[in-house]
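Student: With the first letter of the sequence shown counted as 1, position 93 gets the number 93 in our numbering; the numbers rise by one all the way through. Here it is, the structure, as structure tokens.
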Amino acid sequence: MIALGPQLIGPTEKTLNALLHDTTYAPDTAEVVDSLIARSLIRYDRLSESGRETVARIEHRTEELTSGIWEAVYPADRVAAERALNTVLDRARAVLVSR
């Protein structure tokens, strides 16, 4: 089970957005990838060391900015929210896989 926090909220939101997104819209993937390569964030079709460091910095900063939010939630409410959001995330992912 994913703990209540950005690691649960973000994927839940993204998964639901993927389900609701208009499938006719698609950004120019090649342009996005070229931009990441130009910034040395991707190398050989994988995150480069710089890319991994960038992701780690973003995750760390997100944790810094939001930790007080999660700490303010009563423990029983946190457990209920974690359970509900994990269920939503699991079911949404299952729908995406079955498409």
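Glycine is no exception: its CB is placed at the ideal position from the N, C-alpha and C atoms.
Pick out whichever of R99, A92, S98 has its Cα sitting closest to the Cα of N17.
Tutor: Ranking the options by Cα distance to N17, first place goes to A92.
Student: Does the beta carbon of E31 come closer than 9 Å to any beta carbon on chain D?
Tutor: Looking for chain D here will not work: only one protein chain is present.
Student: Distance, Cα to Cα, V79 vs V73?
Tutor: One C-alpha to the other measures close to 10 Å.
Student: Around the C-beta of L8, are 16 or more other C-beta atoms found within 10 angstroms, so that it is buried, or is it exposed?
Tutor: Looking at its Cβ environment, which holds 16 or more other Cβ atoms inside 10 Å, L8 is buried.
Student: Given this structure, state the Cα-to-Cα distance separating L96 from E82, to the nearest angstrom.
Tutor: Each residue's alpha carbon lies about 21 Å from the other.
Student: Can you check which of these residues, D28, T87, G51, T66, is closest to R39 by C-alpha distance?
Tutor: Closest by alpha carbon: G51.
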